[in-house]
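Numbering (my numbering), first residue to last: 2 to 107.
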């Protein structure tokens with residue numbers, strides 16, 4: 002269950018990271034509030050998951066989900082580069098996330 006909670010925390014990390022683009026430097030009220038709420042949810046779920054998942058593994062997986070997911074969202078929503086090297090690197094991050102998950106004792 003804690004891995005599911007950690008995964009959801011990672012999804013909320015993607016939401017708040019992408020949300021930062023819409024806040025325009027926290028000058029827009031509703032996108033800013035949504036971003037801050039997503040940050041709080043992400044952190045609360047991460048803290049919950051870290052009760053049983055080792056901190057190094059949990060934090061690395063959380064940031065990996067956020068990094069890879071935000072890069073993918075950037076390509077979809079913000080027309081960021083989709084070159085082959087970038088996609089390979091995102092794949093390597095995902096491989097690292099899976100490697101940490103499946104090698105974990107938790």
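Glycine included, C-beta positions come from ideal geometry on N, C-alpha and C.
Note that the structure is a prediction, hence the values are computed from the model and not measured.
**Asked** What's the gap between the Cα of residue 101 and the Cα of residue 62?
**Response** Rounded to whole angstroms, residue 101 to residue 62 spans 7 Å at the Cα level.
Spatial neighbours of residue 75 within its chain, please: C-beta separation below 6 Å, excluding the five flanking residues on both sides.
Excluding residues within five positions, the ones whose Cβ falls inside 6 Å are 81.
Margin query: Just to confirm the assignment, what range does the alpha helix (DSSP H) spanning residue 3 have?
Written below: Segment 3 to 24, the alpha helix (DSSP H) holding residue 3.
Original post:
To the nearest whole angstrom, what separates the beta carbons of residue 16 and residue 50, a pair I think is in contact under 8 Å?
Top reply: At roughly 17 Å, the Cβ-Cβ gap does not stay under 8 Å, so residue 16 and residue 50 are not in contact.
Item to check | Sequence ranges, alpha helix (DSSP H) only - wholly within the region 43 to 78, length at least 4 | outcome: Runs of the alpha helix (DSSP H) inside the region 43 to 78: 56 to 78.
**Asked** I think residue 47 touches residue 59, with their Cβ atoms under 8 Å apart; what is that distance to the nearest whole Å?
**Response** Contact between residue 47 and residue 59 holds, with the beta-carbon distance rounding to 7 Å and staying under 8 Å.
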